[in-house]
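All remarks here apply to the structure that follows.
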Amino acid sequence: MIRYLYQLLKRFAGWAFRSDVAATVEGHEPLARFIYSSGHFAETKGIVKLQAFLPDPTGETSVFRTLSLTPQQIWGIGNRIRTEKAKAYGKVLTDAVLRVGLQVNAAVEDHPRHAVIVGWPHQKDRRLMLALQLSKDSSLHVQR
Amino acid sequence: MSALTLGWVYQPFTRSVNTGSSPESKKLEERFREIVLHFRKRAERERAFYELARVVEVGSESNWDGYGAPKLEKQVSQLGCRFLNALPSVIPTPEVGLDPDGDISFSWTLSRDKQVHVSLSPQGLLSYAGIFGPTSRVHGTEAFDDSVPLPIIEAVRRLGIQV
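Residue numbers (numbering that gives the first Met the number 0), protein chains in the order written: chain A, 0 to 143; chain B, 0 to 162.
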């Protein structure tokens with residue numbers, strides 16, 4: 000029964016979100032990087048720290064495409080994808096990611112609006128530099 | 000002639016302005032300011048060690064960032080301690096944090112486009128990156144041998160943060 004309800008919810012949510020998202024991520028699309036660690040943003044300075052954008056052990060930075068979503072819908076995704084609620088999210092335009100030489104690929108297997116930032120260089124200092132630039136070009140949104 | 004009287008209340012802490020005008024009084028005021036600055040700097044460094052202890056605790060479990068970050072390796076906390084101890088007094092105290100790959104980070108942030116970030120790996124490698132306005136940036140890698148490499152000191156000083 001629970002499994003059936005879950006499938007139903009998943010289908011409904013997928014349908015609701017899928018309606019206005021293109022198959023490929025376009026330059027004008029805003030991306031949200033959800034933050035679950037309080038050390039990865041500075042609320043007083045209004046800054047998303049670069050650590051928030053550094054890739055995970057698989058070499059990808061998980062983001063969500065937020066075009067035409069309300070703030071409530073954005074927080075809804077961040078609060079649903081982990082067991083704990085998102086503390087904040089950093090918003091950055093896809094164009095800003097592409098400008099530094101990284102790529103954004105849709106990754107709809109997990110969620111219709113899921114995407115990943117890929118193409119991170121192997122050298123740590125170069126990764127830091129790119130993440131710093133994303134930090135500079137992003138805006139911070141904190142959970143109230 | 001000038002005298003510093005030590006009553007049952009230590010005078011310098013009860014006045015915000017030195018009312019003395021003799022050269023000796025000015026010298027005492029200067030010395031006192033140095034002492035206060037010294038303790039302020041020490042308190043700042045203490046804060047960094049406290050932050051280091053906190054991030055080591057946070058990183059003691061894997062997936063501390065919600066994105067599958069690995070557990071912090073034990074030796075990196077000792078290296079972090081050594082890095083903080085090696086910071087010259089002309090360098091302001093950094094914020095201490097954790098990178099998702101298990102490095103300990105030290106950052107100096109003046110504003111969104113004026114930042115320097117140093118990551119210390121368990122292998123003792125220092126990777127750094129800094130931005131200084133819209134176009135100027137620097138990055139590189141140095142080995143940590145219990146002294147802070149010159150390029151990192153120069154990058155932090157370029158931010159112009161008052162110590």
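Note that the Cβ used here is the ideal one computed from N, Cα and C, for glycine as well.
query: Taking the alpha carbon of B/L109 as the point to measure from, which residue in A/G45, A/H39, A/A21 has its own alpha carbon closest?
result: In the second sequence, the residue the question calls residue 109 of chain B occupies position 110. The residue with the shortest Cα to Cα distance from B/L109 is A/G45.
Residues from the region 61-88 of chain B in contact with chain A, defined by Cβ distance under 8 Å: Correct list: W63, D64, G65, Y66, G67, A68, P69.
message: So the candidates are B/L125, B/F131, B/V155, B/S135; which of them puts its Cα closest to the Cα of B/E141?
response: Residue numbering aside, residue 141 of chain B sits at position 142 when the second sequence is read from its first letter. Nearest neighbour of B/E141 by Cα position, chosen from B/L125, B/F131, B/V155, B/S135, turns out to be B/L125.
- prompt: At a Cβ cut of 7 Å, what residues of the region 125-153 of chain B count as close to chain A, listed as they run along the chain?
  reply: When CB distances to chain A are screened at a threshold of 7 Å, the residues of the region 125-153 of chain B falling below it are S126, Y127, A128, I130, R136, H138, G139, T140, in chain order.
- request: Kindly indicate which three-state DSSP category B/Q114 falls into: helix, strand or coil?
  value: Taking the first residue of the second sequence as position 1, residue 114 of chain B is located at position 115. Strand.
- prompt: So, do the region 87-99 of chain B and the region 84-94 of chain A have three or more beta carbon pairs nearer to each other than 8 Å?
  reply: No contact exists between the region 87-99 of chain B and the region 84-94 of chain A.
message: Using a 10 Å radius around the Cβ and a threshold of 16 neighbouring Cβ atoms, would you call B/S104 buried or exposed?
response: Here residue 104 of chain B refers to the residue found at position 105 of the second sequence. Flag for B/S104 reads buried.
query: Among residues of its own chain, excluding the 5 on either side of B/S118, which ones have a beta-carbon nearer than 6 Å to its beta-carbon?
result: The sequence position of residue 118 of chain B within the second sequence is 119, counting from 1. Excluding residues within five positions, the ones whose Cβ falls inside 6 Å are D98, D102, S104, S126.
query: What separation, rounded to the nearest whole angstrom, lies between the Cα atoms of B/K25 and B/N84?
result: Residue mapping note: residue 25 of chain B aligns to position 26 of the second sequence, counting from 1. Residue mapping note: residue 84 of chain B aligns to position 85 of the second sequence, counting from 1. Approximately 33 Å between the Cα atoms of the pair.
- prompt: Span of the beta strand (DSSP E) holding A/R32?
  reply: What you label residue 32 of chain A is simply residue 33 of the first sequence in a count that begins at 1. First-last of the beta strand (DSSP E) with A/R32: 29-34.
- prompt: Is B/S24 close to chain A, meaning its C-beta is less than 8 Å from at least one C-beta of that chain?
  reply: Translated into positions along the second sequence, residue 24 of chain B becomes position 25. Not an interface residue.
message: Taking a contact to mean a Cβ-Cβ separation below 8 Å, would you say A/V62 touches A/S137 in this structure?
response: The count along the first sequence starts at 1 and reaches residue 62 of chain A at position 63. The count along the first sequence starts at 1 and reaches residue 137 of chain A at position 138. It is not a contact, given that the beta carbons lie outside the stated cut-off.
task: Let me know if B/Y49 comes out buried or exposed under the rule of 16 or more other beta-carbons within 10 Å of its beta-carbon.
output: Position 50 of the second sequence holds residue 49 of chain B. Of the residues assessed, B/Y49 falls on the exposed side of the cut-off, its CB having fewer than 16 other CB atoms within 10 angstroms.
CA-to-CA distance, B/V55 to B/L78, given in whole angstroms: For the purposes of this step, residue 78 of chain B is taken as residue 79 along the second sequence, with counting starting at 1. For the purposes of this step, residue 55 of chain B is taken as residue 56 along the second sequence, with counting starting at 1. Their Cα atoms are separated by approximately 12 Å.
Span separating the alpha-carbon of A/M128 from that of B/N17: In the first sequence, the residue the question calls residue 128 of chain A occupies position 129. In the second sequence, the residue the question calls residue 17 of chain B occupies position 18. Answer to the nearest angstrom: the Cα atoms are 48 Å apart.
Complete runs of the beta strand (DSSP E) confined to the region 17-78 of chain B [at least 3 residues]: Correct list: empty.
query: What are the uninterrupted segments assigned as beta strand (DSSP E) that are 3 or more residues long and contained completely in the region 35-103 of chain A, given in chain order?
result: For the region 35-103 of chain A, whole beta strand (DSSP E) runs of length 3 or above, ordered along the chain, are 60-64, 87-92.
Within chain B, the residues that A/K84 reaches when beta carbons sit closer than 8 Å: Reading the first sequence from its first residue, position 85 is the one you call residue 84 of chain A. None at all; the shortest Cβ gap to chain B is about 10 Å.
message: Considering only their Cβ atoms, is the gap separating A/L30 from A/T65 smaller than 8 Å?
response: As a position in the first sequence, residue 65 of chain A is number 66, starting the count at 1. As a position in the first sequence, residue 30 of chain A is number 31, starting the count at 1. Yes, they are a contact pair.
field: 8 Å Cβ cutoff, B/M0 in contact with chain A
entry: The residue you call residue 0 of chain B lines up with position 1 of the second sequence. Only weak support is given to the placement of B/M0: the predicted model assigns it a pLDDT of 48, under 50, and the value that follows is read from those uncertain coordinates. Answer no: the Cβ-Cβ gap between B/M0 and chain A never drops below 8 Å.
task: To the nearest angstrom, report how far apart A/F16 and A/A114 are at their CA atoms.
output: In the first sequence, counting from the first residue as 1, residue 16 of chain A sits at position 17. In the first sequence, counting from the first residue as 1, residue 114 of chain A sits at position 115. Residue placement at A/F16 is flagged as unreliable, the pLDDT there being 48, under the threshold of 50; a coordinate-derived value is accordingly withheld.
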